[in-house]
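Colleague: Residue numbers for the sequence shown, in my numbering: 166 to 533.
No residue lacks a Cβ here, since even glycine has one placed at the ideal position from N, Cα and C.
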Amino acid sequence: MERISITQLFMLTLLFQIGSSGIFGFASAAGKDAWLSVLLSTALGTCLIGIFLILMRLQPGLTLVEWFPAQFGQWLGTPISWFYMLMFLYNSSRTLGDVKDLIPTTILPGTPNWVILSVFMIAIAYALFSGIEVIARLGEIILPVLLVLFLVEIVLVFGSDTIRIERLQPVLGEGWDRVWEGAWPSGAQQSFAETLEFAMIWTLTKQPERIAKTTILATLLYGTLLSTFDALAILTFGEEVFSSSTYPLYRLVKTISIADFLENLDALGILYFMGFVFFKVTLQMYGVIRGIQQLLYLSDSRVLVFPVSVIVLILGLTESESTSEHIASGLGSLAYPSIVPWFLIPSLLLIVTCIRKGISGKQMKKSG
Numbered sequence: 166m167e168r169i170s171i172t173q174l175f176m177l178t179l180l181f182q183i184g185s186s187g188i189f190g191f192a193s194a195a196g197k198d199a200w201l202s203v204l205l206s207t208a209l210g211t212c213l214i215g216i217f218l219i220l221m222r223l224q225p226g227l228t229l230v231e232w233f234p235a236q237f238g239q240w241l242g243t244p245i246s247w248f249y250m251l252m253f254l255y256n257s258s259r260t261l262g263d264v265k266d267l268i269p270t271t272i273l274p275g276t277p278n279w280v281i282l283s284v285f286m287i288a289i290a291y292a293l294f295s296g297i298e299v300i301a302r303l304g305e306i307i308l309p310v311l312l313v314l315f316l317v318e319i320v321l322v323f324g325s326d327t328i329r330i331e332r333l334q335p336v337l338g339e340g341w342d343r344v345w346e347g348a349w350p351s352g353a354q355q356s357f358a359e360t361l362e363f364a365m366i367w368t369l370t371k372q373p374e375r376i377a378k379t380t381i382l383a384t385l386l387y388g389t390l391l392s393t394f395d396a397l398a399i400l401t402f403g404e405e406v407f408s409s410s411t412y413p414l415y416r417l418v419k420t421i422s423i424a425d426f427l428e429n430l431d432a433l434g435i436l437y438f439m440g441f442v443f444f445k446v447t448l449q450m451y452g453v454i455r456g457i458q459q460l461l462y463l464s465d466s467r468v469l470v471f472p473v474s475v476i477v478l479i480l481g482l483t484e485s486e487s488t489s490e491h492i493a494s495g496l497g498s499l500a501y502p503s504i505v506p507w508f509l510i511p512s513l514l515l516i517v518t519c520i521r522k523g524i525s526g527k528q529m530k531k532s533g
């Protein structure tokens with residue numbers, strides 16, 4: 166069985182959570198208080214992840230698709246497991262769709278969407294075929310590079326003399342309402358709740374006792390980085406431009422201009438945006454493939470790489486007609502229904518698991 170280290174888990178979790186947030190930004194509905202909305206989302210998201218981690222502790226050695234049959238029985242638990250695999254499959258296609266319009270509208274205008282996504286999917290399929298250990302080692306190499314690029318961007322933005330502190334003021338000028346609107350439910354679900362997909366990977370970690378601490382640390386770092394990104398974008402553009410921009414963080418890179426020499430760094434932004442998305446889609450698909458393998462009792466998951474890749478590619482190309490429709494479905498029509506699989510079902514599973522653990526514990530004491 167393949168295994169990954171706790172350091173690799175930390176890096177993969179951070180890469181996964183950043184994902185496409187680096188493309189579209191976060192909590193633009195909160196306006197100039199978006200950075201506060203991110204911090205609130207981080208707090209709520211950490212609580213959700215805490216539920217997942219408790220479930221993992223209560224059911225050691227079991228993956229997500231094994232949790233439900235273990236507690237609800239085969240007849241009810243197996244369909245729920247299949248539902249989650251189909252949902253993760255759809256989420257993979259949505260994440261892939263995040264880049265569908267980014268490259269044609271930025272650095273490669275006129276390039277067909279199917280060409281971009283097909284090339285991207287070939288790289289993902291190769292990584293999946295190589296296995297989780299190779300993906301984790303690649304993450305160890307790529308994450309430091311992406312974080313360095315992130316820090317370089319911060320330095321260059323400050324050096325471009327575009328920062329205006331008054332653009333963040335007044336803090337909470339319109340109260341907590343819109344901060345909360347940006348944080349719940351879409352904010353807490355975006356990347357935070359999606360960390361449930363790591364329940365398919367946690368059992369492969371060499372030091373399971375350190376999974377909870379590592380995951381929480383990665384989540385807090387992600388929230389800090391994203392809040393910093395949003396604050397920089399608001400300080401640079403102001404509330405109106407930030408809220409109306411489709412790609413505010415990409416636009417932030419374009420504002421860099423130092424001495425009329427260091428500018429036009431669009432490719433820098435695209436480089437790390439695509440890096441984060443690559444890992445998110447890869448890990449989402451890995452969870453789907455491993456889950457289906459366990460549900461079908463297959464000996465080798467590699468036979469699933471090609472069919473799952475084709476399905477995700479087709480869905481990614483067809484799930485929305487435009488970027489605005491793609492964003493609207495994620496933040497609007499799907500936000501509240503998604504509370505059920507991300508929060509209600511795991512909470513119910515936690516209650517049932519605790520009750521059953523308590524009953525079995527009492528029975529063991531009586532028999533002893």
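Using 8 Å as the threshold, is the stretch 252-269 in touch with the stretch 389-402, meaning 3 or more CB pairs across them?
Modeller: The stretch 252-269 vs the stretch 389-402: no contact.
Colleague: At which residues does the alpha helix (DSSP H) containing aspartate 342 begin and terminate?
Modeller: Unbroken alpha helix (DSSP H) run through aspartate 342: 342-348.
Colleague: Is isoleucine 169 helix, strand or coil by DSSP?
Modeller: Note: isoleucine 169 maps to strand in three-state DSSP.
Colleague: With glutamine 354 as the anchor, note down where its alpha helix (DSSP H) starts and where it stops.
Modeller: Per DSSP, glutamine 354 belongs to the alpha helix (DSSP H) from 351-354.
Colleague: With DSSP run on the structure shown, which of helix, strand or coil describes threonine 447?
Modeller: Threonine 447 falls in the helix class under three-state DSSP.
Colleague: DSSP three-state call for threonine 327: helix, strand or coil?
Modeller: It is coil, neither helix nor strand.
Colleague: Measuring alpha carbon to alpha carbon, tell me which residue in Met221, Gln372, Met176 is nearest leucine 312.
Modeller: The residue with the shortest Cα to Cα distance from leucine 312 is Met176.
Colleague: In the DSSP assignment, the alpha helix (DSSP H) including isoleucine 281 goes from what residue to what residue?
Modeller: Start and end: 278-295.
Colleague: Looking at the C-beta of glycine 434, does it have a partner C-beta in chain C at a distance below 8 Å?
Modeller: Among the chains of the structure shown, chain C does not appear; only one protein chain is present.
Colleague: Pull up the DSSP beta-bridge partners for threonine 370, would you.
Modeller: Paired residue(s): Ile169.
Colleague: Of the choices Leu417, Phe363, Val475, whose alpha-carbon is the least far from that of phenylalanine 438?
Modeller: Per the Cα distances, Leu417.
Colleague: Assuming isoleucine 214 and isoleucine 381 make a contact with CB atoms under 8 Å, what is their CB distance in whole Å?
Modeller: About 7 Å; that satisfies the 8 Å criterion.
Colleague: For the alpha helix (DSSP H) containing alanine 396, name the first residue and the last one.
Modeller: Per DSSP, alanine 396 belongs to the alpha helix (DSSP H) from 376-402.
Colleague: If you draw a straight line from the C-alpha of phenylalanine 443 to the C-alpha of isoleucine 435, how long is it?
Modeller: Spanning the two alpha carbons is a distance of roughly 12 Å.
Colleague: Take glutamate 359 and list the residues in its own chain whose beta-carbon comes closer than 6 Å to its own, dropping the five residues that flank it on each side.
Modeller: Contacts found: none.
Colleague: Going by the beta-carbon positions, is the gap between leucine 180 and leucine 308 smaller than 8 Å?
Modeller: Yes. Within cutoff.
Colleague: Give the range of the alpha helix (DSSP H) segment to which isoleucine 245 is assigned.
Modeller: 239-262 is the extent of the alpha helix (DSSP H) around isoleucine 245.
Colleague: So leucine 282 packs on glycine 481, CB below 8 Å; how close in whole Å?
Modeller: That pair is a contact at about 6 Å.
Colleague: Relative to the alpha-carbon of glycine 388, which residue among Thr276, Thr172, Ser202, Arg467 has its alpha-carbon at the smallest distance?
Modeller: Ranking Thr276, Thr172, Ser202, Arg467 by Cα distance to glycine 388 puts Ser202 first.
Colleague: DSSP state of leucine 205, grouped into three classes?
Modeller: If DSSP states are grouped into helix, strand and coil, leucine 205 belongs with the helices.
Colleague: Does glutamate 362 come out as helix, strand or coil in the three-state DSSP assignment?
Modeller: Glutamate 362 falls in the helix class under three-state DSSP.
Colleague: How would you write the range of the alpha helix (DSSP H) that serine 474 sits in, first residue to last?
Modeller: Taken as a continuous stretch (DSSP letters only), the alpha helix (DSSP H) holding serine 474 covers 470-483.
Colleague: Is it the case that the Cβ atoms of valine 230 and leucine 397 are separated by a distance below 8 Å?
Modeller: Not in contact: valine 230 and leucine 397 (Cβ atoms no closer than 8 Å).
Colleague: Let me know the secondary structure DSSP gives isoleucine 307 once reduced to three states.
Modeller: Isoleucine 307: helix per DSSP, three-state reduction.
Colleague: Can you tell me whether tryptophan 507 is buried or exposed, with buried defined as 16 or more other CB within 10 angstroms of its CB?
Modeller: Burial call: buried.
Colleague: Pick from Leu478, Tyr451, Ile476: whose alpha carbon is nearest that of aspartate 465?
Modeller: For the residues Leu478, Tyr451, Ile476, the minimum Cα distance to aspartate 465 belongs to Tyr451.
Colleague: For tryptophan 279, tell me which candidate among Ile169, Trp247, Thr483 has the shortest Cα-Cα distance.
Modeller: Nearest option by C-alpha distance: Thr483.
Colleague: Reducing DSSP to helix, strand and coil, say where glutamine 182 ends up.
Modeller: The answer is helix: DSSP assigns glutamine 182 an H, G or I state.
Colleague: Suppose the cutoff is 6 Å on Cβ atoms and the five residues either side in sequence are ignored; what does the same chain contact list for threonine 270 look like?
Modeller: No residues qualify anywhere along the chain.
Colleague: Just to confirm, are alanine 353 and serine 186 a CB contact at a threshold of 8 Å?
Modeller: For alanine 353 and serine 186, no; Cβs fall outside 8 Å.
Colleague: So, under 8 Å CB-CB, alanine 290 and valine 470 are touching, yes? Tell me the CB distance rounded to an integer number of Å.
Modeller: Contact holds; Cβ gap of about 6 Å.
Colleague: Give me the Cα-Cα distance between leucine 303 and isoleucine 366, rounded to the nearest whole angstrom.
Modeller: About 16 Å.
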